[in-house]
Each structure stands twice: as structure tokens, then as C-alpha cells.
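Scroll down for the structure; my scribbles are underneath it.
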Amino acid sequence: MVSANLVRTVVGIIGNVISLLLFLSPVPTFVQIWRKKSVEQFSPAPYLATLINCMVWILYGLPVVHPNSTLVWTINGAGIAIEMVYLLLFLLYSDKKGRFKVLLIVLVEVIFIALAATLVLTLAHTTRKRTAIVGIVAVVFNTMMYASPLSVMKTVITTKSVEYMPFYVSLASFANGVAWSAYALIKFDPFILVPNGTGTLFAVAQLILYAVYYRSTQRQIAARQAKGDVGFIRDGCQWKLDEDKFLSEWPRFRGRAEIEETSKLFALC
1121 MVSANLVRTV
1131 VGIIGNVISL
1141 LLFLSPVPTF
1151 VQIWRKKSVE
1161 QFSPAPYLAT
1171 LINCMVWILY
1181 GLPVVHPNST
1191 LVWTINGAGI
1201 AIEMVYLLLF
1211 LLYSDKKGRF
1221 KVLLIVLVEV
1231 IFIALAATLV
1241 LTLAHTTRKR
1251 TAIVGIVAVV
1261 FNTMMYASPL
1271 SVMKTVITTK
1281 SVEYMPFYVS
1291 LASFANGVAW
1301 SAYALIKFDP
1311 FILVPNGTGT
1321 LFAVAQLILY
1331 AVYYRSTQRQ
1341 IAARQAKGDV
1351 GFIRDGCQWK
1361 LDEDKFLSEW
1371 PRFRGRAEIE
1381 ETSKLFALC
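Below, the structure is given as C-alpha cells:
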């Protein structure tokens, strides 16, 4: 007979793989930010929330806090590294106010974790007490991570566009919530179950919004293209073609030479 511990370990490994995919799912968004050298309307909130969430779960998974939680702290260590790369891109391509906001929040998060770790390890003298204290904190921040796209969901409803709510992030959030909820149920752990169960519901809501507003998003994009504002950038007194965007929208153009030749048609002086 297969033991519950073995099943839990297997489910935990699956959860780690899905979590890694969740952490990596915004990569296309950040490739777009890097190419455009602008964060546009993308918000750093989900990545700041994920960063503090990963730091709290690393604390929770330490052997001196909650023994036998290797799967918890390893994946969250990877999450911290990935989120820092994303936030670095926000620092590079945000305006001055945006950079200050990101730096300030990251600093506050680091100070909070350092204080929490110090207090828990010095004042709570058993792993049971440490697990309870850090577990409650982890529930709060994990729920915040899953709820962080709420502001984006509001924008989706207002604009009737899912352009700035990446589908694969929502899908990965759903799969991640389901996997870790199953992990928590096999050997009951309320501190893992509560936030991931809540996260599953938030992800379902995002997927529903995506289904509702996908067609209206495509109509809005098509309308912008029809107005001729796709692929052109202003360079002094001349309109030039944004090569990457133009090629993605107009596949009949195949190279820089043709693009540069076409851009001459839009010279204003």
C-alpha cells in the first residue's frame, strides 16, 4: 500500500513544478517590457506580493520552524530569485516615481522578514509555536499574493479588455492553487490549505473574466490597427516604424531594409 507521505511528496513535487511555471509565466510580459523599454500599464504589485510571500514561506519551511518542509523552502527560494529579476526590469523601465515606490516596498519587505525571523526564533522556543506564528503570517501574505491581481481585474472590467491580464499567469495560478490545496489535504496543513484554496477561487474569477472579455479585447486591438497607430513611433520630425511591433502585426514585411524604406514615406521634414 502506498503511504500518505509518499503521495504527499509526489504531489508536492508536482506542486513545485507548477509553482515554477507560475513564477515563469510572466516572462512574455517582461520580454515585451524589455523590448519597448517601458512598463506601460503593467503593475509591479503582483511581483512585490509574490516576493514577500516567497520570503515568508522560506521562513516557514526552515527546519527550525517547520521540519520536513524541504519542498516548501526550495521552490520559494527559486521564486525569490525570479521575482527579483522582474522587479529589476521595473526599476529599469519605470519613471522616477515608480522606481522609488518599488525600492521602498522591497526595503520594507526585507526589514519585515528580518524582524519576524528574529522575533520568532528568539521568543518561540518550540517548532509547534514557531509553525503557528509563521503559518498565520504566511496565510496572510499568500492570500495577498493571490489577491494582488484584483486591481488588474478591476481594470479589465472597466476597460472591457484583458490586454494587461496575461492569460498564462491566471492559468498557472489556478493550477498552482489546486496542486498545493491537494498537498495540504493529504496531511492536513491549514496554513497551506487556506491561502491556496482562496487562490484557486481568485484564479477562477480571472479565467472567467478572460472568457468574458477576450472578444472585446480583440475588437479594441483591431480598431487601433485600423486607425493606423500600430507600429509607428515618433523620432524628432519623422515617423519611423517600430520594427518589432510592426513585424508582429504585419508579417508581409520581412527585414530592416524594407522597414527603413517604408518609414521614408512618413517623413515630415
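Using the numbering used here, you'd call the opening residue of the sequence shown number 1121 and step up by one each time. Using N, Cα and C, we set each Cβ at its ideal position, and we do this for glycine too. Owing to the predicted nature of the structure, the values given are computational and were not obtained by experimental measurement.
The beta carbons of arginine 1250 and valine 1260 sit no closer together than 7 Å. With respect to the 7 Å criterion, glutamine 1326 and serine 1271 are not classified as neighbours on the basis of their beta carbons. Alanine 1331 and leucine 1235 have their C-alpha atoms roughly 43 Å apart. The three-state secondary structure of tyrosine 1284, taken from DSSP, is coil. Collapsing the DSSP output to three states places serine 1189 in coil. Around the beta carbon of asparagine 1173, a 10 Å sphere encloses 16 or more other beta carbons of the protein chains shown; the residue is thus reported as buried. Per DSSP, alanine 1258 is one residue of the alpha helix (DSSP H) stretching across 1247-1267. Across the set Arg1344, Tyr1333 and Asn1316, the C-alpha of Asn1316 shows the shortest separation from the C-alpha of tryptophan 1177. In this structure, Met1175 is the residue among Ile1195, Tyr1333 and Met1175 with its C-alpha nearest to the C-alpha of valine 1226. For a cut-off of 8 Å, the C-beta gap from valine 1131 to isoleucine 1306 is around 6 Å, short enough to register as a contact. Of the candidates Ala1237, Leu1243, Thr1275 and Thr1246, the residue whose Cα lies closest to the Cα of alanine 1258 is Ala1237. The residue from Val1205, Leu1208, Thr1320 and Pro1187 with its alpha-carbon nearest to that of tryptophan 1300 is Thr1320. When rounded, the separation of the alpha-carbon atoms in arginine 1128 and valine 1314 is 17 Å. In the three-state DSSP reduction, glutamine 1161 falls in the coil class, being neither helix nor strand.
Rounded to the nearest angstrom, the gap between the Cα atoms of leucine 1224 and phenylalanine 1311 is 28 Å.
Contact between glutamine 1345 and serine 1281 does not hold, since the beta-carbon distance rounds to 14 Å and is not under 8 Å. Take proline 1187, set aside five residues on each side of it, and the residues of its chain with a beta-carbon closer than 8 Å to its own are Thr1247, in chain order. Per DSSP, the continuous alpha helix (DSSP H) segment holding alanine 1346 begins and ends at 1310-1346. Less than 7 Å separates the beta-carbon of leucine 1209 from that of isoleucine 1153.
In the DSSP annotation of this structure, the continuous segment of the alpha helix (DSSP H) that includes serine 1139 starts and ends at 1124-1144. Annotated three-state conformation of serine 1214 is coil, per DSSP. Per DSSP, proline 1183 is not a residue of any alpha helix (DSSP H), being assigned neither H nor E. Burial of isoleucine 1195 is indicated by the presence of at least 16 other C-beta atoms within 10 angstroms of its C-beta. If you check the CB distance, tyrosine 1213 and serine 1158 come in under 7 Å.
Here tyrosine 1334 is exposed, its C-beta having fewer than 16 other C-beta atoms within 10 Å.
Just so you know, the alpha carbons of valine 1185 and glutamine 1338 end up roughly 49 Å apart.
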